[in-house]
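Participant:
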Amino acid sequence: MGRFLLKRLGLASITLFLLTIIVFFGAQVLPGNVGRRILGPFADQAAVDNLNHQLGTDQPLLTQYWNWISDFFRGDLGDSLAYHVPVSTLIGNALEHSLKLAAFAFVLVVPLAIFGGVVAALKRDRPTDRVITLTGLSLTVVPEFVTGIMLILIFGLWLGLFPVSADAPDGSSILTQLKYLFLPALTLVILLFGYIARITRAGTIESLDADYTRTAFLKGLPRRMVIRRHVLRNSLLPTIAVVATQTGYLLGGLVVIETLFNYPGMGRLIFTAATQKDFPLLESAVLIVGIVFLVTTLLADVAYSLLNPRIRYAAAE
Amino acid sequence: MSAVQDPAAPIAIPTQPDQAAIARRERLRFLRRSPTFVIGCVLVGMWVICAIFGNAIAPKNPEFPDVLNKLVAPSADHLFGTDRLGRDVLSRVIVGARAVLVIAPLATLLGTLLGTTIGLVTGYFRGFVDEVIMRIVDAVLAIPIIIIALLAVVALGPSRVTLILVIGLVFTPIIAKTVRAAVLGEARLEYVQAARLRNERAPYVLFGEILPNVMGPVVVEFTVRLGYAIFTVATLSFLGFGADPSIPDWGQDISQHYQFISGGVWWPVLFPALAIATLIVGINLIADAIAQSFER
Numbered sequence: 001m002g003r004f005l006l007k008r009l010g011l012a013s014i015t016l017f018l019l020t021i022i023v024f025f026g027a028q029v030l031p032g033n034v035g036r037r038i039l040g041p042f043a044d045q046a047a048v049d050n051l052n053h054q055l056g057t058d059q060p061l062l063t064q065y066w067n068w069i070s071d072f073f074r075g076d077l078g079d080s081l082a083y084h085v086p087v088s089t090l091i092g093n094a095l096e097h098s099l100k101l102a103a104f105a106f107v108l109v110v111p112l113a114i115f116g117g118v119v120a121a122l123k124r125d126r127p128t129d130r131v132i133t134l135t136g137l138s139l140t141v142v143p144e145f146v147t148g149i150m151l152i153l154i155f156g157l158w159l160g161l162f163p164v165s166a167d168a169p170d171g172s173s174i175l176t177q178l179k180y181l182f183l184p185a186l187t188l189v190i191l192l193f194g195y196i197a198r199i200t201r202a203g204t205i206e207s208l209d210a211d212y213t214r215t216a217f218l219k220g221l222p223r224r225m226v227i228r229r230h231v232l233r234n235s236l237l238p239t240i241a242v243v244a245t246q247t248g249y250l251l252g253g254l255v256v257i258e259t260l261f262n263y264p265g266m267g268r269l270i271f272t273a274a275t276q277k278d279f280p281l282l283e284s285a286v287l288i289v290g291i292v293f294l295v296t297t298l299l300a301d302v303a304y305s306l307l308n309p310r311i312r313y314a315a316a317e
Numbered sequence: 318m319s320a321v322q323d324p325a326a327p328i329a330i331p332t333q334p335d336q337a338a339i340a341r342r343e344r345l346r347f348l349r350r351s352p353t354f355v356i357g358c359v360l361v362g363m364w365v366i367c368a369i370f371g372n373a374i375a376p377k378n379p380e381f382p383d384v385l386n387k388l389v390a391p392s393a394d395h396l397f398g399t400d401r402l403g404r405d406v407l408s409r410v411i412v413g414a415r416a417v418l419v420i421a422p423l424a425t426l427l428g429t430l431l432g433t434t435i436g437l438v439t440g441y442f443r444g445f446v447d448e449v450i451m452r453i454v455d456a457v458l459a460i461p462i463i464i465i466a467l468l469a470v471v472a473l474g475p476s477r478v479t480l481i482l483v484i485g486l487v488f489t490p491i492i493a494k495t496v497r498a499a500v501l502g503e504a505r506l507e508y509v510q511a512a513r514l515r516n517e518r519a520p521y522v523l524f525g526e527i528l529p530n531v532m533g534p535v536v537v538e539f540t541v542r543l544g545y546a547i548f549t550v551a552t553l554s555f556l557g558f559g560a561d562p563s564i565p566d567w568g569q570d571i572s573q574h575y576q577f578i579s580g581g582v583w584w585p586v587l588f589p590a591l592a593i594a595t596l597i598v599g600i601n602l603i604a605d606a607i608a609q610s611f612e613r
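The listed protein sequences correspond, in order, to chains F and X.
According to the numbering used here, the stretch in the first sequence is residues 1 to 317, in order.
According to the numbering used here, the stretch in the second sequence is residues 318 to 613, in order.
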């Protein structure tokens, strides 16, 4: 087990290192002259030089990378160019908001999608299965802003059931906050449902086809008990592990959903940083998103292998 | 009888081109009968026709601002209503197909070509290079595609070429991973060993022997990625990073009009949204059917 953990941690740190290079490359190398890119083609050369000096982008690339990365891991993310406040404060607030939205969406989608996937697997290749699978697939592939717009039109405009902006007034009760969060959360639910349901379906079909299930049926156990004790117990664990790795996917969707519903989370922060060419903020925010994804994937991976020794031994080879 | 008379003639190795042809014909028959495939083709075909002949089909000039008729609800004159500048929404939806249907397929093609090549090479040679490339793949996959694309488009400035390159390059590692997995299975098989023993050069083994046998995953991956490319292009233009702000574009039209929803103006938003949804669902229905035809 120790060797397995060590190997996983090693791989994750290599991936993290490459991730920092990609982000650095995107924010400090790709733009060419960062100061010029921020201030535009008509800005005074002296102002551009000044900004480059202030950002440190006039130094050699290796020095730039080292300064950025050592500051980052010491917790100093620099100041935002657009807001003139520390980046860490902005990201802290935004993460909290996004987490609230994501948690609400997960609470709704996980039971729903697992139920859908299990039903589809039990009715394999019959119309019920095709309807669940194709609906899920179709909903998953439509961009979030399209789904979000449809939900706003239906529930906000025509039925008038829910507010179209996600940010509840300050000091409102939990219930009011949830009401404001419902439409953006539902957009995420629609985005994730198809994916989670498909994985549940595949896992359930695999354990339905397994020998132990056939044995259980042949022993004469009632169908309900076989499904609960033998099929689901073996198929739900991998599903939950896969669900845990979906945070990265989720964070991508948040950029659009939070912008559309005007919700002050991580996604909208990245979007505003992008439109305002606020490279220090953009760079740190993107790296944080990547780190959140890597850490959750690692945790899911380890938790899954704790529960399933076969994976552990295969990986330690 | 000539083979018998010439002892030096190569022994005729029984090849099975017929079986491959039969399998192909079987797949085509399956696809023609699959309702998913047919519906997908109808949806996508409709938008392809709009992309090619858009200006001829559109009932009005999509750029013409009729300042006296801004935000007019759908009527006989304007079937889908008019937008905030008085432009005909129906015409803009028809012509708007082109914006997304040029960039997305080219980007997917780029990603598929690069990804397939990398997947073939890494899956066949394994070793150090394989390890390095797979770590890069993991690092790229740790950032959601839309965020990487956003970062790159902000750094380089949005243009058609930037979008194609960025989306193509982001898809490359994902496609490489799929192809690599397929190649790993193939590389152990006897026909690859045989080609090696014949002293065939590596490029021939890769592209002449292995590639035809992993075409299934490659084709499926291409159609699935095409859907995601359209997803990404539409999302970027919704966020204001479209390739060309001057031409009609679904994502951009939506982003310029969703603020009017609370005023009851739904038509300049709903119709482009439906256009994006039908196009992407169509492509994914096709992808699903093709994947099924290979699985059988």
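Even glycine gets a Cβ: it sits at the ideal position worked out from N, Cα and C.
Note the first and the last residue of the continuous alpha helix (DSSP H) segment covering Ala414 (chain X).
Facilitator: Counting along the chain, the alpha helix (DSSP H) containing Ala414 (chain X) begins and ends at Val406 to Phe442.
Participant: First and last residue of the alpha helix (DSSP H) that includes Lys100 (chain F)?
Facilitator: Val87 to Leu122
Participant: Using 10 angstroms around the beta-carbon of Pro31 (chain F), count the other beta-carbons present and answer buried if the total reaches 16, otherwise exposed.
Facilitator: buried
Participant: In the structure shown, what three-state DSSP assignment does Thr399 (chain X) receive?
Facilitator: strand
Participant: Counting only beta-carbon atoms, is Leu157 (chain F) nearer than 8 Å to chain X?
Facilitator: yes
Participant: Using only CA atoms, which one of X:Phe442, X:Ile571, X:Thr595 and X:Gly599 lies nearest to Val503 (chain X)?
Facilitator: The identity of residue 503 (chain X) in the sequence shown is Glu, whereas the question assumes Val. Of X:Phe442, X:Ile571, X:Thr595 and X:Gly599, the residue nearest in Cα terms is X:Phe442.
Participant: Short of 7 Å in beta carbon distance, which residues of its chain neighbour Tyr83 (chain F), apart from the five on each side in sequence? Order them along the chain.
Facilitator: Leu90
Participant: Could you give the C-beta distance for Val471 (chain X) and Leu282 (chain F), rounded to a whole number, given that I count them as a contact under 8 Å?
Facilitator: 7 Å
Participant: Please determine if the stretch 256 to 271 of chain F and the stretch 66 to 75 of chain F are in contact, where contact requires at least 3 C-beta pairs separated by less than 8 Å.
Facilitator: no
Participant: Is there a Cβ of chain F sitting closer than 8 Å to that of Asp605 (chain X), yes or no?
Facilitator: Under the Cβ criterion of 8 Å, Asp605 (chain X) is counted among the residues facing chain F.
Participant: To which residues of the same chain is Val537 (chain X) closer than 7 Å at the C-beta, ignoring the five residues directly before and after it?
Facilitator: Once the five neighbours on either side are set aside, the close Cβ partners of Val537 (chain X) are Ala604, Ile607, Ala608 and Phe611.
Participant: Look up Asp455 (chain X) in the DSSP assignment and say whether it is helix, strand or coil.
Facilitator: Here Asp455 (chain X) sits in helix by DSSP.
Participant: Between the C-alpha atoms of Gly253 (chain F) and Ala424 (chain X), what's the straight-line distance to the nearest angstrom?
Facilitator: 21 Å
Participant: At a CB-CB cut-off below 7 Å, which residues of chain X make contact with Ile149 (chain F)?
Facilitator: Ile571, Tyr575, Val586 and Ala590
Participant: Between which two residues does the alpha helix (DSSP H) harbouring Gly10 (chain F) extend?
Facilitator: Looking at the DSSP string, the run of the alpha helix (DSSP H) that includes Gly10 (chain F) is Gly2 to Phe24.
Participant: Determine whether the Cβ of Lys100 (chain F) lies closer than 8 Å to any Cβ atom of chain X.
Facilitator: Lys100 (chain F) does not count as touching chain X.
Participant: Note down the Cα distance separating Val438 (chain X) from Asn530 (chain X), rounded to an integer number of angstroms.
Facilitator: 15 Å
Participant: Out of X:Pro520, X:Pro376, X:Leu407 and X:Asn378, state which residue places its alpha-carbon closest to the alpha-carbon of Ala390 (chain X).
Facilitator: X:Leu407
Participant: Assign Asp170 (chain F) to one of two classes, buried (16 or more other C-beta atoms within 10 Å of its C-beta) or exposed (fewer than that).
Facilitator: The residue in question, Asp170 (chain F), is exposed, as its Cβ has fewer than 16 Cβ neighbours within 10 Å.
Participant: Any idea what DSSP makes of Asp79 (chain F), helix, strand or coil?
Facilitator: Strand.
Participant: Using a Cβ-Cβ cut-off of 8 Å, state whether Ser173 (chain F) counts as contacting chain X.
Facilitator: no
Participant: Over the uninterrupted alpha helix (DSSP H) stretch that includes Trp66 (chain F), give me the two end residues.
Facilitator: Leu61 to Phe73
Participant: Could you spell out where the alpha helix (DSSP H) holding Gly533 (chain X) opens and where it closes?
Facilitator: Met532 to Phe555
Participant: Counting only Cβ-Cβ distances shorter than 7 Å, please list the residues of the stretch 447 to 476 of chain X near chain F, keeping chain order.
Facilitator: Arg452, Ile453, Asp455, Ala456, Val457, Ala459, Ile460, Pro461, Ile462, Ile463, Ile464, Leu467, Leu468, Ala469, Val471, Ala472 and Leu473
Participant: Which residue wins for smallest C-alpha separation from Gly116 (chain F), given the options F:Leu186, F:Tyr65, F:Gly136 and F:Thr15?
Facilitator: F:Gly136
Participant: Can you check which of these residues, X:Leu501, X:Ile578 and X:Pro422, is closest to Leu480 (chain X) by C-alpha distance?
Facilitator: X:Pro422
Participant: Nearest CA to the CA of Arg409 (chain X): which residue from X:Gly371, X:Leu385 and X:Ile420?
Facilitator: That would be X:Gly371, whose Cα lies nearest to the Cα of Arg409 (chain X).
Participant: Distance, Cα to Cα, Ser172 (chain F) vs Pro111 (chain F)?
Facilitator: 28 Å
Participant: Helix, strand or coil for Gly615 (chain X) per DSSP?
Facilitator: Residue 615 (chain X) cannot be examined here, being either before or after the span of chain X that is shown, 318 to 613.
Participant: Is it right to say Ala592 (chain X) is buried, meaning 16 or more other beta carbons lie within 10 angstroms of its own, or is it exposed?
Facilitator: The residue in question, Ala592 (chain X), is buried, as its Cβ has 16 or more Cβ neighbours within 10 Å.
Participant: For Leu99 (chain F), which of F:Ala300, F:Pro280 and F:Glu258 has the nearest alpha-carbon?
Facilitator: Minimum Cα-Cα distance from Leu99 (chain F) among the listed residues F:Ala300, F:Pro280 and F:Glu258 corresponds to F:Glu258.
Participant: In terms of residues, what are the limits of the alpha helix (DSSP H) holding Ile369 (chain X)?
Facilitator: Run containing Ile369 (chain X): Pro352 to Ile374, per the alpha helix (DSSP H) assignment.
Participant: Rounded to the nearest angstrom, how far is the Cβ of Ala594 (chain X) from that of Ile420 (chain X), given a contact under 8 Å?
Facilitator: For Ala594 (chain X) against Ile420 (chain X), the beta-carbon gap comes to about 18 Å, at or over 8 Å, which does not count as contact.
Participant: DSSP three-state label for Thr239 (chain F), please.
Facilitator: helix
Participant: Can you list the residues of chain F that Gly544 (chain X) reaches, using a CB-CB cut of under 7 Å?
Facilitator: Near Gly544 (chain X) (Cβ distances below 7 Å), the residues of chain F are Val141.
Participant: Closer than 7 Å, Cβ to Cβ, to anything on chain X: give me those residues from the stretch 269 to 288 of chain F, in chain order.
Facilitator: From the stretch 269 to 288 of chain F, only Ile270, Phe271, Ala274, Thr275, Lys277, Leu282 and Val286 have a Cβ closer than 7 Å to chain X.
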